[in-house]
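Novice: Read top to bottom, the protein sequences are chains A and B. Residues in the first sequence are numbered consecutively from 1, following this note's numbering. Residues in the second sequence are numbered consecutively from 1001, following this note's numbering. Before anything else, here's the structure in question.
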Amino acid sequence: MTELPFVDVVGFWVATFLTFCCLSFLYKDNPFYKLAEHLFIGVSVGYLIILQWGDNLQPKLVDALFVRGYRALAEGGSLDRWWVMRGIALVLVVMLFVNALSRRYKWVGRYPVAFVVAFYAGLQINAVAQSELGEQIKFSASTIDAPKVDLNSAPLDQLTSLPGGSPSIAEKLIVERARAPFTSVDDAVTRPSLTAPERADLAETRGHLVGLDARAAVGPGEHDRFGIVSNLLLLLGLLSSLVYFYFSVAHQGVIGKVSRFGVWTLMIGFGASFGLTVQGRISLAIGRAYDVSGRTVGPTDAARIHSLPVAVVCLLLVVGGIVVWELRNRRRSGKDSA
Amino acid sequence: MKEHWSDRLQRFDRRWIFLVMGLAVVVPLFFPLGLPAKPDRMTKAAFNAVDALPEGARVFVSIDLDPASTPEIEPFFRAVILQLKRKNAKLVFATTWYQAPPLVDRYMRETIEVAIAPAGTAGYSGLNDRPYRKNVDYVNLGFRDGKGAIIQAFGSSLRLAFDNHADDGTALERIPMMRGLEKLADFDLIVLVSAGSPGAKEYVQFVGTRERLPMIAACTAVSTTDLAPYFQTGQLIGLVGGMAGSAGYETLVGKPGAGTAGADVLNIGNIVVILAIVFGNVVYFAGRYHRRQRGAS
Chain A
1 MTELPFVDVV GFWVATFLTF CCLSFLYKDN PFYKLAEHLF IGVSVGYLII
51 LQWGDNLQPK LVDALFVRGY RALAEGGSLD RWWVMRGIAL VLVVMLFVNA
101 LSRRYKWVGR YPVAFVVAFY AGLQINAVAQ SELGEQIKFS ASTIDAPKVD
151 LNSAPLDQLT SLPGGSPSIA EKLIVERARA PFTSVDDAVT RPSLTAPERA
201 DLAETRGHLV GLDARAAVGP GEHDRFGIVS NLLLLLGLLS SLVYFYFSVA
251 HQGVIGKVSR FGVWTLMIGF GASFGLTVQG RISLAIGRAY DVSGRTVGPT
301 DAARIHSLPV AVVCLLLVVG GIVVWELRNR RRSGKDSA
Chain B
1001 MKEHWSDRLQ RFDRRWIFLV MGLAVVVPLF FPLGLPAKPD RMTKAAFNAV
1051 DALPEGARVF VSIDLDPAST PEIEPFFRAV ILQLKRKNAK LVFATTWYQA
1101 PPLVDRYMRE TIEVAIAPAG TAGYSGLNDR PYRKNVDYVN LGFRDGKGAI
1151 IQAFGSSLRL AFDNHADDGT ALERIPMMRG LEKLADFDLI VLVSAGSPGA
1201 KEYVQFVGTR ERLPMIAACT AVSTTDLAPY FQTGQLIGLV GGMAGSAGYE
1251 TLVGKPGAGT AGADVLNIGN IVVILAIVFG NVVYFAGRYH RRQRGAS
């Protein structure tokens, strides 16, 4: 791997300093945090402007519309349909700016907005209807029965989806059952063609409630009882949540109780979301800690960055700066009160 | 009257919790516990989907992330790229996030153009991978703006969406591995490294469901509950959620990395959060009980 350029080393130092600047907000709002905040906004806007110019405006507007259009006309050719479409897009953009420039012709700016809203509404309605309503309703409306997977006849994908399953295990099970049908789940998971790690994987997932034994059988007609309860719970949760959002009847009596169950279901969902959000935030902190301690680069680059001494210096700079700032504030407020 | 302990703790300075959380994150970095990272069912399904690919399969990888989401998703990306390279998969990269191009360039340098697990890699016993050559083994199509609309365009014509050029300016018809790859439906698998919107949700909505595309996704922990229903219905055939999911994926691939080490820290962070919630509730209910008792007397 090539050595980290010196500019990237300096980048790491700046990132470490700015990390401590941002974290200083946990104490309270202060000039170091403000510096990082303003720098972030400035850099983001600058980056976005350059990117939009290079990726959209220059190739799709200036080059395509003016440079190539002029060339086509100069060579005696004609303008193609893409040129016309880009021309329409440019007119819509200009109309959008009229909105900001003239009070009298402000109405002109409504047309490009209407175009964008209609375009995305058209795209979104179709997409959401198919992927959210269609597929999700189809899944929710399926049978609550949960038949076990028959190890002696199930296809490859069903064997793969079993707890502890994998494509390679599934293929081996198909070969083994052709040699001699399985007499029990124990028989299936101890066949000689399975490797020791594969057997260990399968052994780890054994269990009659939610494990392999609950989901697999060696004959047809067996049912996963916990799976049925789970499907029933899903159905009840779905219906009661919908009842909670049905406002045409008063939520009293039976409807009130069903709606209450719907609220619990929603709360469990929100709780799961909250827990995962907390995990995400801790992951952010872990990521910064990794970067500051130089663990996201190779050992050679880490040696060049001197991450720990740099982190200590940055921390001292920020803490020292905040102490000086606080002392100055106190002195100033003392003078004011005097 | 003497102040009750719960009243004193109600004024507890929250900055102590920040400090404890900071220590919970930093200390395990230097003294790792080495807790196991077990993959969940969705992560395992994602691994199985890649594992079932034939040798030399053609895979589209959409890298839709920003620097803030890298701790959660980057470990998955590195692990899945190793798994794909072990299968000699032909890789096509694209991104719909404007923050992603600098990261994508770095990933190309660090994971694609060099071997992630060359022979002699310490602590790794799986198959070795090899450096990939640009426009031979992989193509980086680059960034395209347009959110859902551009994802829909990927579904109908990659050449139109990318003006018939790869990110380095090479015309797509001059790249042999792009022959027959006109749209997303031409790929054997679509891997979505997705930190938010536009990302996995839009791929499912705008192309995945309509074209019945085989798609796996890695997302931030926050998005897991949004995307999990797509896994249940089969619209996503695998889902790797957050840092814990990435750690599980690393375990399956057999090369523990930043995800596994991070999950160790994450476990301790979670314990701190649970203790803080319990502490807050104990203080609140004790205070309420005390106030009621005082009111009664």
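All residues carry an ideal CB built from backbone N, CA and C; glycine is no exception.
In whole angstroms, what is the alpha-carbon distance linking A/Glu135 and A/Gly298?
Specialist: Indexing the first sequence from 1 puts residue 135 of chain A at position 135. Indexing the first sequence from 1 puts residue 298 of chain A at position 298. Taking the straight line from one Cα to the other gives about 45 Å.
Novice: Just to confirm, are B/Phe1154 and A/Asp55 a CB contact at a threshold of 8 Å?
Specialist: Here the question's residue 1154 of chain B lines up with position 154 in the second sequence. Here the question's residue 55 of chain A lines up with position 55 in the first sequence. Not in contact: B/Phe1154 and A/Asp55 (Cβ atoms no closer than 8 Å).
Novice: Tell me whether the region 7-25 of chain A and the region 276-293 of chain A touch, counting them as touching only if at least three CB pairs, one residue from each stretch, are closer than 8 Å.
Specialist: yes
Novice: What residues of chain B sit near A/Tyr27, judged by a beta carbon separation below 8 Å?
Specialist: As a first step, residue 27 of chain A must be located in the first sequence, where it is residue number 27. What A/Tyr27 touches in chain B: Arg1015.
Novice: Can you give me the start and stop residues for the beta strand (DSSP E) that B/Leu1239 sits inside?
Specialist: Translated into the one-based positions of the second sequence, residue 1239 of chain B becomes position 239. Looking at the DSSP string, the run of the beta strand (DSSP E) that includes B/Leu1239 is 1238-1241.
Novice: DSSP three-state call for A/Leu165: helix, strand or coil?
Specialist: Counted from its first residue, the first sequence places residue 165 of chain A at position 165. The sequence given here places Gly at residue 165 of chain A; Leu does not occur at that position. Looking at A/Gly165 - three-state DSSP - the assignment turns out to be coil, as it is neither helix nor strand.
Novice: For B/Asp1064, which beta-bridge partners are listed by DSSP?
Specialist: Sequence index remark: in the second sequence, residue 1064 of chain B carries index 64 (1-based). Bridge partners of B/Asp1064: B/Ser1194.
Novice: Any chance the region 1187-1204 of chain B sits against the region 1056-1064 of chain B, with 3 or more Cβ pairs inside 8 Å?
Specialist: The region 1187-1204 of chain B vs the region 1056-1064 of chain B: in contact.
Novice: Using a Cβ-Cβ cut-off of 6 Å (strictly less than) and excluding sequence neighbours within five positions of B/Val1204, which residues of its own chain qualify?
Specialist: The residue given as residue 1204 of chain B occupies position 204 in the second sequence. Cβ within range, chain order: Tyr1230, Gln1235.
Novice: When we look at the beta-carbon of B/Arg1294 and count the other beta-carbons within 10 Å, is it buried (16 or more) or exposed?
Specialist: Working through the second sequence from its first residue, we reach residue 1294 of chain B at position 294. The C-beta of B/Arg1294 has fewer than 16 other C-beta atoms within 10 Å across all chains shown, which makes the residue exposed.
Novice: So is B/Ile1116 buried or exposed if we call it buried at 16+ other beta carbons inside 10 Å?
Specialist: The sequence position of residue 1116 of chain B within the second sequence is 116, counting from 1. By the neighbour-count criterion, in which 16 or more other beta carbons inside 10 Å mark a residue as buried, B/Ile1116 falls on the buried side.
Novice: Could you tell me which of B/His1290, B/Arg1288, B/Ile1274, B/Lys1090 sits nearest to B/Met1021, measuring between CA atoms?
Specialist: Position 21 of the second sequence, counting from 1, holds the residue named residue 1021 of chain B. If we check each option's Cα against that of B/Met1021, B/Ile1274 comes out closest.
Novice: Under three-state DSSP, which class holds A/Tyr105?
Specialist: For the purposes of this step, residue 105 of chain A is taken as the residue at position 105 of the first sequence. Correct three-state label for A/Tyr105: coil.
Novice: Would you give the residue range spanned by the beta strand (DSSP E) that B/Ala1218 belongs to?
Specialist: Locating residue 1218 of chain B in the second sequence gives position 218, where the first residue counts as 1. Looking at the DSSP string, the run of the beta strand (DSSP E) that includes B/Ala1218 is 1215-1219.
Novice: Any C-beta of chain B sitting closer than 8 Å to the C-beta of A/Thr19?
Specialist: Counting from one through the first sequence, the residue named residue 19 of chain A turns up at place 19. Not one chain B Cβ lies under 8 Å of A/Thr19.
Novice: Run the CB neighbour count on B/Met1178, radius 10 Å, all protein chains shown included, and call it buried at 16 or more, exposed below.
Specialist: On the second sequence, residue 1178 of chain B is found 178 positions in, with the first residue counted as 1. Classification of B/Met1178: buried, given that the 10 Å Cβ count is 16 or more.
Novice: Could you tell me whether the Cβ atoms of A/Asp348 and A/Ala214 are closer together than 8 Å?
Specialist: Residue 348 of chain A is absent from the structure shown; chain A starts at 1 and stops at 338.
Novice: Strictly below 9 Å CB to CB, what residues from chain A border B/Phe1093?
Specialist: By one-based count along the second sequence, residue 1093 of chain B stands at place 93. Within 9 Å Cβ-Cβ: nothing; B/Phe1093 doesn't reach chain A, min ~16 Å.
Novice: What's the gap between the Cα of B/Ala1218 and the Cα of A/Val108?
Specialist: Residue 1218 of chain B sits at position 218 when you count from the first residue of the second sequence. Residue 108 of chain A sits at position 108 when you count from the first residue of the first sequence. Distance between the alpha carbons of B/Ala1218 and A/Val108 is about 43 Å.
Novice: Given a threshold of 16 other Cβ atoms within 10 Å of its Cβ, counted over all protein chains shown, does A/Met267 qualify as buried or as exposed?
Specialist: The sequence position of residue 267 of chain A within the first sequence is 267, counting from 1. Answer is exposed; the Cβ neighbour count stays below 16.
Novice: Identify the continuous beta strand (DSSP E) that holds B/Asn1140 and give its terminal residues.
Specialist: As a first step, residue 1140 of chain B must be located in the second sequence, where it is residue number 140. Residues 1138-1143.
Novice: In angstroms, rounded to a whole number, what distance separates the CA positions of A/Phe274 and B/Phe1076?
Specialist: As a first step, residue 274 of chain A must be located in the first sequence, where it is residue number 274. As a first step, residue 1076 of chain B must be located in the second sequence, where it is residue number 76. Those two C-alpha atoms are separated by around 22 Å.
Novice: With 8 Å as the C-beta to C-beta threshold (strictly closer), list the residues of the region 116-136 of chain A near chain B in chain order.
Specialist: Phe119, Tyr120, Leu123, Gln124, Ala127, Val128, Gln130, Ser131, Glu132, Gly134, Glu135, Gln136
Novice: Along the region 1268-1286 of chain B, where does the CB come closer than 8 Å to a CB of chain A? Name the residues.
Specialist: Gly1269, Asn1270, Val1273
Novice: Report the neighbours of B/Ala1052 on chain A: residues whose CB is nearer than 8 Å to its CB, in chain order.
Specialist: By one-based count along the second sequence, residue 1052 of chain B stands at place 52. Thr160, Pro167, listed in chain order.
Novice: Determine, for B/Asp1040, whether the minimum Cβ-Cβ distance to residues of chain A falls below 8 Å.
Specialist: For this step, residue 1040 of chain B is matched to residue 40 along the second sequence. Output row for B/Asp1040: interface = no.
Novice: Just to confirm, does A/Lys335 get its C-beta within under 7 Å of one of the non-hydrogen atoms of the ligand MG?
Specialist: The ligand MG is absent from the structure shown, which contains no ligands of any kind.
Novice: Anything in chain B within Cβ reach of A/Ala272, meaning under 7 Å, just list it in chain order.
Specialist: As a first step, residue 272 of chain A is located in the first sequence; it is residue number 272 there, counting from the start. Within chain B, the residues near A/Ala272 are Thr1225.
Novice: So, does the region 1160-1178 of chain B touch the region 1135-1142 of chain B, judging by three or more C-beta pairs under 8 Å?
Specialist: Between the region 1160-1178 of chain B and the region 1135-1142 of chain B there are three or more C-beta pairs closer than 8 Å, enough to call the two in contact.
Novice: In this structure, does DSSP put A/Val149 in helix, strand or coil?
Specialist: Sequence index remark: in the first sequence, residue 149 of chain A carries index 149 (1-based). Residue state, collapsed to three classes: strand.
Novice: Is any beta-carbon of chain A found at less than 8 Å from that of B/Gly1245?
Specialist: Walking along the second sequence from the start, residue 1245 of chain B turns up at place 245. No, B/Gly1245 does not count as interfacial toward chain A.
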